[in-house]
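For the sequence shown, the working numbering assigns the number 309 to the initial residue and increments by one for each residue that follows. C-beta atoms are modelled at their ideal positions from N, C-alpha and C, and glycine is treated no differently. Just so you know, these numbers come straight off a predicted model, no measurement behind them. Down below is the structure, laid out as structure tokens.
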Amino acid sequence: MQCGWPLLGPLQWMRYVNKQVKVKAGKDEERRGWLLTVDPVSASLVLVNFGEEEGRASVQVVMGHAVEEVEVLQEADEETTQRLQTSFLPPQTRSLDPAELRRRRGGVRRWLEKNRFPVEEEGDELKVAGVLTIAAPYGPDDCYSSNQIILDRIQKLMRNQVQLQPDHPETDPA
């Protein structure tokens, strides 16, 4: 692909994702790596190179405005694609049996109600005041909300409660 990288747009950029590419940026700048993603606003490329050790990777960002040429060197095999997609995900928590999840959900719900938060169960999730969701395994990092202030306050409260009760599992603030 010759000049005009930022002008191509997301649909064209997706053709390069999960492929090993050579990116020419500037007169003497050349970067190689697996294209993980492209920022849709700045057209910047995120390149990943895997190290010799399992779990090691280096990340380079090439600013979209500097890209002069992108050349595909190699298609990713299934293993590489999987590695690219999972490299930057948080480590999986150990799988919990349904009884343990019910116990944790109940404990968090009781703790929230005790602290006068309106809580409803929606399937496996807890809905707090209609604006915050707590998913399994019901810890502070499992809270989601578009209201950053409420999210931060609930997470802090949950973390403080956990610190007060060190004998309990991390996500059981009951």
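Cβ atoms of residue j and residue i: under 7 Å apart, would you say?
i: S454; j: L440; result: no
i: L381; j: Q456; result: no
i: E376; j: K330; result: no
i: G334; j: A374; result: yes
i: N326; j: T394; result: no
i: Q320; j: R339; result: no
i: V354; j: A365; result: no
Taking the alpha-carbon of residue i as reference, which of the options has the nearest alpha-carbon?
i: I458; options: S366, K435 and A444; result: K435
i: R323; options: R339, E383 and S366; result: E383
i: G317; options: V354, D336, S350 and Q368; result: S350
i: A437; options: A443, L315, A444 and V427; result: V427
i: P406; options: D432, K422 and R391; result: D432
i: R424; options: V354, L343, I462 and E338; result: I462
i: R418; options: M466, L392, F396 and V346; result: M466
i: V416; options: G447, L404 and L392; result: G447
i: E430; options: L420, E361, K422 and I442; result: I442
For residue i, is the classification buried or exposed, using 16 other Cβ atoms within 10 angstroms of its Cβ as the cut-off for buried?
i: M371; result: exposed
i: D480; result: Note that D480 scores a pLDDT of 45, beneath 50, so its modelled location is shaky; the value from the coordinates is reported in the next line. It counts as buried.
i: R412; result: buried
i: D445; result: It is worth fixing the name first, because residue 445 is Pro in this sequence and not Asp. The residue is buried, with at least 16 neighbouring Cβ atoms inside 10 Å.
i: D450; result: buried
i: G341; result: buried
i: P348; result: exposed
i: L315; result: exposed
i: G359; result: exposed
Taking the beta strand (DSSP E) that residue i belongs to, which residues open and close that run?
i: A407; result: Per DSSP, A407 belongs to no beta strand (DSSP E); it is in the alpha helix (DSSP H), P406 to K422.
i: E377; result: V375 to E383
i: S366; result: A365 to V370
Which residues bound the alpha helix (DSSP H) around residue i?
i: R339; result: That residue, R339, is in no alpha helix (DSSP H); its beta strand (DSSP E) goes E338 to V346.
i: E387; result: E386 to T394
i: P314; result: W313 to L316
With a threshold of 7 Å between beta-carbons, can residue i be considered close to chain D, or not?
i: H373; result: No chain D appears in this structure, which consists of one protein chain only.
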